[in-house]
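Report on the following structure.
See below:
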């Protein structure tokens with residue numbers, strides 16, 4: 001619409017206006033045409049080499065399989081052939097696949113609301129306490145710190161705390177006179193893994209939300225106070241709606257992290273009987289690729305996970321997008 | 001604002017995708033026919049500590065065949081690296097340490113060369129059961145056995161004395177001892193059933209007479225759910241159900257603590273166990289004793305194996321003949337065996353090993369006959385054939401027995417075997433192998 005309004009007046013002045021530019025472009029076409037591509041080249045090459053090519057290669061592998069002749073011993077006994085959608089069918093019908101998806105769903109239901117709820121609560125508390133900068137800074141850093149701990153290290157650390165015999169928690173609980181539950185038993189494993197994710201992720205999300213809160217001018221709160229709003233009402237009616245875009249973004253990040261949960265259960269697996277090699281979909285990919293030496297099935301499952309991530313993330317953004325971003329559009 | 005997410009989404013899609021390593025297969029195995037006087041330099045992948053000291057002895061005597069040891073992280077990591085190099089067509093070493101259970105996988109990926117012509121003559125220096133592991137029952141020889149891990153039984157002699165027990169001769173004795181010890185002190189267990197150690201369970205099945213894979217003409221056979229393995233699974237399931245042995249995995253911080261504080265008072269393990277006990281049960285030094293394995297039939301003693309590896313020549317080596325010469329020397333020469341035992345702390349697979357091992361390991365200093373027991377045990381190794389998808393069976397074992405151990409039901413233990421059998425057969429068929437039966 002805006003284009004047509006601009007074009008119309010130019011047609012009247014066409015003869016005089018176009019004369020010079022045309023000759024100008026004719027004089028040095030080759031050099032100019034290449035310039036943007038030269039600037040784009042590094043990004044394009046990196047994108048192709050490290051993103052597009054692997055994606056296409058994974059897609060290609062997902063349609064292949066290996067054929068073995070005889071006992072499969074010795075050279076030339078294995079040949080790669082087209083498999084069509086066979087790998088996808090095998091992936092989806094694998095008896096371990098659906099349970100792992102269900103497990104990740106349950107894990108997400110625990111992790112995402114808990115983590116974002118805690119992050120929002122902490123961000124609001126820190127923001128309410130704007131006058132005491134030193135206290136707030138210390139609290140911010142200590143809440144953020146677990147995020148700086150790599151997931152594998154965090155899982156090992158929590159693993160020690162979960163194992164009854166080496167856990168100081170068990171000692172304390174039993175000293176008080178209760179029997180400590182085995183956190184790695186089949187009922188509690190999911191919660192034990194979720195706890196590590198919440199511990200590690202809350203700080204990051206808190207910082208994102210807190211930063212959004214700090215951008216809000218204080219005059220808004222002052223006028224609300226003059227109108228007689230309590231701190232809780234300010235938080236509920238002003239702060240939360242204003243940081244909604246940040247909440248949406250952290251939700252999408254968390255959703256994706258949930259779908260890709262891998263390091264925590266993988267690290268805890270040797271410590272307990274309750275975490276199988278296909279506990280999450282990504283662990284199944286790992287098992288297929290590196291334990292079963294079946295990169296074709298692994299590629300097919302990866303493509304399925306990627307598509308699911310894509311659909312869920314975009315679907316969610318589409319669903320909340322209009323409402324969440326109304327103020328900014 | 002919405003458009004901000006587009007690149008993000010693109011990046012995330014990529015992150016979710018598994019990126020396989022580029023590979024193209026071009027494995028033209030070059031013949032190792034070179035001038036014997038020519039000087040060659042060979043690389044050797046091994047994860048055995050101090051292997052370079054053993055190799056130094058060879059290098060000083062063979063100026064024309066110089067070996068460089070390339071230290072590896074461990075069996076699994078080295079195999080993954082080797083398979084990648086084979087797929088890529090270059091990058092593999094000349095010589096490779098290969099665990100027995102990985103050999104069929106490596107051979108079926110065309111990673112190991114047949115060196116029957118060069119090393120066939122040393123066959124007589126090894127126990128038949130061990131040699132079978134490098135031939136896969138065929139005419140070919142895919143390596144020379146280096147070390148073996150005959151199963152033995154380790155127990156806390158002080159706890160056994162307190163309870164008036166003697167080292168169990170049969171599995172019935174073991175069950176009775178486990179019950180007595182646990183009743184006397186409910187915190188103590190004579191052992192644990194570890195669902196994360198498929199290798200140990202395989203050894204126990206081997207002892208009972210199982211051989212999970214086999215070759216029948218041009219087809220593989222899979223026999224994981226056989227009577228012998230059923231017997232072993234039912235036995236351990238029964239002990240776990242009764243609660244007289246623990247159901248937690250081995251090699252966890254908790255298990256280490258249990259060995260050290262005297263709640264785990266026995267361990268069915270292999271000849272290399274002193275090294276592990278030395279690391280995790282330091283406080284119990286001098287209280288442990290080694291004994292031969294409890295038997296199913298005391299009249300016909302048998303044992304299984306847990307661990308052990310061979311030294312193989314890879315298909316990518318350009319000097320296979322020289323590499324094979326070194327491999328044969330390393331694992332059968334008297335001086336090499338002595339160095340392997342004293343410097344690299346391995347238990348050599350060769351029959352002559354006992355002559356190289358004169359003093360017991362330091363953790364069992366009070367037991368001068370330690371290596372005599374080990375030597376007797378390795379003579380009774382039951383034959384066992386590994387197949388081309390041991391990894392698949394082992395990971396199926398982890399999952400199925402993990403659930404069974406958690407449930408503490410003997411029936412779940414025996415049912416698990418059917419699951420493992422099915423998974424293993426399905427995988428072979430899916431990979432295009434012919435499976436008989």
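Residue numbers (UniProt numbering), protein chains in the order written: chain A, 1 to 329; chain B, 1 to 437. Just so you know, even glycine gets a beta-carbon here, dropped at the ideal spot from N, CA and C.
So, for residue i: in the same chain, excluding its five sequence neighbours on each side, which residues have a beta-carbon less than 7 Å away from its beta-carbon?
i, result
"residue 123(B)", "131"
"residue 169(B)", "294, 295 and 298"
"residue 272(B)", "149, 307 and 347"
"residue 294(A)", "288"
"residue 392(B)", "423, 424 and 427"
"residue 300(A)", "62, 87, 88 and 91"
"residue 357(B)", "341 and 371"
Helix, strand or coil: how does DSSP classify residue i here?
i, result
"residue 366(B)", "coil"
"residue 64(B)", "coil"
"residue 428(B)", "helix"
"residue 78(A)", "strand"
"residue 408(B)", "coil"
"residue 85(A)", "coil"
"residue 271(A)", "helix"
"residue 57(A)", "helix"
"residue 71(B)", "strand"
"residue 339(B)", "helix"
"residue 295(B)", "strand"
"residue 381(B)", "strand"
"residue 348(B)", "strand"
How far does the alpha helix (DSSP H) with residue i in it extend, from its first residue to its last?
i, result
"residue 203(B)", "198 to 208"
"residue 195(A)", "189 to 214"
"residue 259(B)", "253 to 260"
"residue 335(A)", "Residue coverage of chain A in this structure runs from 1 to 329, which leaves residue 335(A) outside it and unanswerable."
"residue 178(A)", "Run containing residue 178(A): none; DSSP gives neither H nor E here."
"residue 279(A)", "Looking at the DSSP string, residue 279(A) is not in any alpha helix (DSSP H), and its letter there is neither H nor E."
"residue 140(A)", "133 to 144"
"residue 182(B)", "171 to 184"
Can you tell me where the beta strand (DSSP E) with residue i in it begins and where it stops?
i, result
"residue 155(B)", "144 to 156"
"residue 64(A)", "64 to 68"
"residue 97(B)", "95 to 99"
"residue 306(B)", "305 to 313"
"residue 216(B)", "213 to 216"
"residue 117(A)", "Per DSSP, residue 117(A) belongs to no beta strand (DSSP E); it is in the alpha helix (DSSP H), 97 to 128."
"residue 289(B)", "288 to 291"
"residue 269(B)", "266 to 270"
"residue 46(B)", "40 to 46"
"residue 222(B)", "219 to 222"
Identify, in the order they occur along the chain, each residue of the same chain with its Cβ nearer than 6 Å to the Cβ of residue i, setting aside the five sequence neighbours on each side.
i, result
"residue 75(B)", "99"
"residue 272(A)", "184"
"residue 108(A)", "258"
"residue 66(A)", "78 and 80"
"residue 184(B)", "163"
"residue 216(A)", "242"
In chain order, what residues of the same chain lie with their CB nearer than 8 Å to the CB of residue i, ignoring the 5 residues before and after it?
i, result
"residue 277(B)", "154, 259, 267, 284, 288 and 363"
"residue 92(B)", "82, 85, 86, 111, 314, 315, 316 and 317"
"residue 97(A)", "91, 278, 281, 284 and 301"
If I'm right that residue i touches residue j with Cβ under 8 Å, what's the distance once you round it to whole angstroms?
i, j, result
"residue 274(A)", "residue 167(A)", "With 8 Å as the limit, residue 274(A) and residue 167(A) do not qualify as a contact, their Cβ atoms being about 16 Å apart."
"residue 50(B)", "residue 343(B)", "5 Å"
"residue 424(B)", "residue 234(B)", "With 8 Å as the limit, residue 424(B) and residue 234(B) do not qualify as a contact, their Cβ atoms being about 20 Å apart."
"residue 203(B)", "residue 404(B)", "The pair is not a contact, with the Cβ atoms about 18 Å apart (cut-off 8 Å)."
"residue 417(B)", "residue 220(B)", "About 18 Å; that fails the 8 Å criterion."
"residue 206(B)", "residue 384(B)", "4 Å"
"residue 208(A)", "residue 246(A)", "5 Å"
"residue 390(B)", "residue 68(B)", "Not confirmed; about 29 Å, so no contact."
"residue 108(B)", "residue 388(B)", "4 Å"
"residue 135(B)", "residue 97(B)", "That belief does not hold up - the Cβ atoms of residue 135(B) and residue 97(B) are roughly 18 Å apart, past 8 Å."
"residue 151(B)", "residue 291(B)", "About 11 Å; that fails the 8 Å criterion."
"residue 283(A)", "residue 270(A)", "Contact doesn't hold; Cβ gap of about 13 Å is too wide."
Under 8 Å: do the stretch 347 to 356 of chain B and the stretch 167 to 183 of chain B share three or more Cβ pairs, one atom per stretch?
no
Check whether the stretch 137 to 147 of chain A and the stretch 198 to 205 of chain A touch, using three or more Cβ-Cβ pairs below 8 Å as the test.
yes
contact_flag[the stretch 87 to 94 of chain A, the stretch 300 to 312 of chain A] where n(CB pairs < 8 Å) is 3 or more:
yes
Counting beta carbon pairs with one atom in the stretch 78 to 90 of chain B and one in the stretch 368 to 384 of chain B, are three or more of them shorter than 8 Å?
no
Tell me whether the stretch 212 to 232 of chain A and the stretch 150 to 168 of chain A touch, counting them as touching only if at least three CB pairs, one residue from each stretch, are closer than 8 Å.
no
Does the stretch 328 to 338 of chain B touch the stretch 45 to 62 of chain B, meaning 3 or more C-beta pairs lie closer than 8 Å?
yes
Looking at C-beta atoms only, is the number of pairs between the stretch 381 to 400 of chain B and the stretch 126 to 140 of chain B that lie closer than 8 Å three or more?
yes
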